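One structure is given here, and the rest of the page talks about it.
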């Protein structure tokens, strides 16, 4: 006789009652750390305690990480999703500006994915809404009213996908805006008026006007052919325009020598809303685009397979994860110089979030095979990795609690 696992029983009960209980107190046995990790020698410990949340896609868990005077540790984790046979795949994660709630996308839904809402203090379930195919990165608007999610469509054909706009109060999807193939790297400007995402398969940065809920401009980021244009990108067929892109490795495959294919994976507006930085995973460099003129300002070198970006609130430093390079780069946003490149303990470096005081960066590392995921904490003053904490496998979406 087939026997359900304990995890399957819990999920079946959740579906049967249509109530999701997402609060699990204490430490989960899998990957729990009973003692804080030690700080790197010669680096001062923080005087306050920081909290971060990280989603682990392979095990359907969100972990709560604390980093303070005694070091870093995982203090709790809870499950997200209801699927019995396969992982739901929590991928993106974002905390509201007031820190009261956070949102998680589960990317592996059938046929579509889901956006979940939780209470930050208790991790209790607050609601959900179904979105598009493989919803991935997301962000909450600065006023807390909107959540914008890219529908990455990893497992579909290479056709234009879309971006979902959701009301935070009612969890109602109010728009689904077509952009281009495999939208990723979703970030809004500081004013909350524009949304930027990139499309890995179409070499595009796309700007959405959040007042009009439509694409306002797009920018071609192929090396040597950079060009800004008004309106939405031209529609391509599934077979056209995707030569030279990493179709299956999600930014891990090494491009051919001399390739000019950007394969953009992230868009990061500057805090003053004057520029947008684009991570070119294929060419391992960054493109800086002037928002007012919609022209490229410059192209600067970055780490091997640069993937995700975050910028300090003072606009002085960019932190870039290097997916192929197994490292994190800290870049002077003014001069373009790389200040430090720090190797990570494990491979497949993913996301990064910076504390509100610009002092530390929390970086998620997926790991490979049976390896746990890892959160690595970088001191942005000392330019050193100061702590590491193991979490669930395939750690991805990460954010810091304000």
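Numbering (my numbering), first residue to last: 788 to 1189. Using N, Cα and C, we set each Cβ at its ideal position, and we do this for glycine too. Computed from a predicted model, the values in this text were never measured in an experiment.
N- and C-terminal bounds of the beta strand (DSSP E) containing residue i
i            : result
residue 1147 : 1147 to 1152
residue 1107 : 1104 to 1109
residue 1074 : 1072 to 1077
residue 1182 : 1182 to 1187
residue 1017 : 1014 to 1017
residue 1136 : 1136 to 1141
residue 1063 : 1062 to 1067
residue 1130 : 1125 to 1130
Those residues which DSSP pairs with residue i across a bridge
i            : result
residue 1040 : Residue 1040 pairs with nothing; no bridge assigned.
residue 1171 : 1166
residue 1119 : 1104
residue 1177 : 1161
residue 1056 : 1063
residue 839  : 852, 1187
residue 1133 : Partner(s): none; residue 1133 has no beta bridge.
residue 962  : 952
residue 1020 : DSSP lists no partner for residue 1020.
residue 1114 : 1109, 1130
residue 1051 : 1067
Separation of residue j from residue i, as counted between CA atoms
i            : j            : result
residue 1018 : residue 1003 : 5 Å
residue 1102 : residue 1085 : 16 Å
residue 808  : residue 864  : Residue placement at residue 808 is poorly supported in this model, since its pLDDT is 36, which falls under 50; the coordinates are not used for a value here.
residue 1147 : residue 911  : 27 Å
residue 940  : residue 981  : 22 Å
residue 913  : residue 1000 : 26 Å
residue 930  : residue 882  : 12 Å
residue 1061 : residue 1129 : 29 Å
residue 1135 : residue 1163 : 13 Å
residue 1182 : residue 1082 : 35 Å
residue 985  : residue 920  : 16 Å
residue 1179 : residue 1075 : 34 Å
residue 1088 : residue 1065 : 12 Å
residue 1186 : residue 1047 : 32 Å
residue 996  : residue 1041 : 34 Å
residue 898  : residue 846  : 20 Å
residue 922  : residue 853  : 27 Å
residue 788  : residue 1157 : Summary for residue 788: the model assigns pLDDT 39, below 50, so the residue's position carries little reliability, and this model does not support an answer.
residue 950  : residue 1188 : 25 Å
residue 952  : residue 830  : 42 Å
residue 944  : residue 1039 : 20 Å
residue 843  : residue 1168 : 28 Å
residue 1030 : residue 1079 : Since pLDDT at residue 1030 reaches only 49, below the 50 mark, its modelled position is unreliable, and no value is offered.
residue 958  : residue 915  : 7 Å
residue 1077 : residue 1013 : 12 Å
residue 869  : residue 904  : 14 Å
residue 1054 : residue 1177 : 28 Å
residue 1011 : residue 977  : 30 Å
residue 838  : residue 1112 : 27 Å
residue 1152 : residue 979  : 29 Å
residue 885  : residue 1057 : 21 Å
residue 1122 : residue 1007 : 24 Å
residue 1170 : residue 1118 : 11 Å
residue 793  : residue 942  : Here the model assigns residue 793 a pLDDT of 45, short of 50, so the residue's position is not dependable, and the following value carries that caveat. Answer to the nearest angstrom: the Cα atoms are 29 Å apart.
Nearest-angstrom Cβ-Cβ length linking residue i and residue j, presumed shorter than 8 Å
i            : j            : result
residue 877  : residue 891  : 5 Å
residue 917  : residue 936  : So it is not a contact: roughly 11 Å between Cβ atoms.
residue 1150 : residue 1108 : 6 Å
residue 1166 : residue 1099 : So it is not a contact: roughly 13 Å between Cβ atoms.
residue 1020 : residue 1067 : In fact, because the Cβ distance is near 17 Å, the residues do not count as touching under 8 Å.
residue 907  : residue 879  : The Cβ separation is near 16 Å, so there is no contact.
residue 987  : residue 1052 : 6 Å
residue 1009 : residue 994  : Actually they are not in contact, since the Cβ atoms of residue 1009 and residue 994 sit about 17 Å apart, beyond 8 Å.
residue 1105 : residue 1120 : 5 Å
residue 948  : residue 969  : 7 Å
residue 1063 : residue 992  : 7 Å
residue 1137 : residue 1091 : Residue 1137 to residue 1091, Cβ: 15 Å. No contact.
residue 933  : residue 954  : 7 Å
Residue i at chain B interface by Cβ criterion, 9 Å
i            : result
residue 1185 : Annotation note: the requested chain B is absent from the structure, which comprises a single protein chain.
Heavy atom of the ligand NAD within 8 Å of residue i beta-carbon
i            : result
residue 1070 : As for the ligand NAD, it is missing from this structure, which has no ligand bound.
(request) Could you pull out every unbroken beta strand (DSSP E) segment of at least 3 residues lying fully inside the region 844 to 896, listed in chain order? (result) 848 to 855, 858 to 866, 877 to 882, 888 to 893
(request) Let me know the beta strand (DSSP E) ranges lying completely inside the region 1082 to 1106, each 3 residues or longer, listed in chain order. (result) 1082 to 1088, 1093 to 1098
(request) Could you tell me which uninterrupted beta strand (DSSP E) segments, each at least 3 residues in length, are contained entirely in the region 897 to 958, listed from first to last along the chain? (result) 901 to 906, 912 to 917, 922 to 927, 933 to 938, 949 to 954
(request) Just list the beta strand (DSSP E) runs in the region 970 to 1012, keeping only unbroken ones of 3 residues or longer that don't cross its boundaries, in chain order. (result) 970 to 975, 981 to 986, 991 to 996, 1001 to 1007
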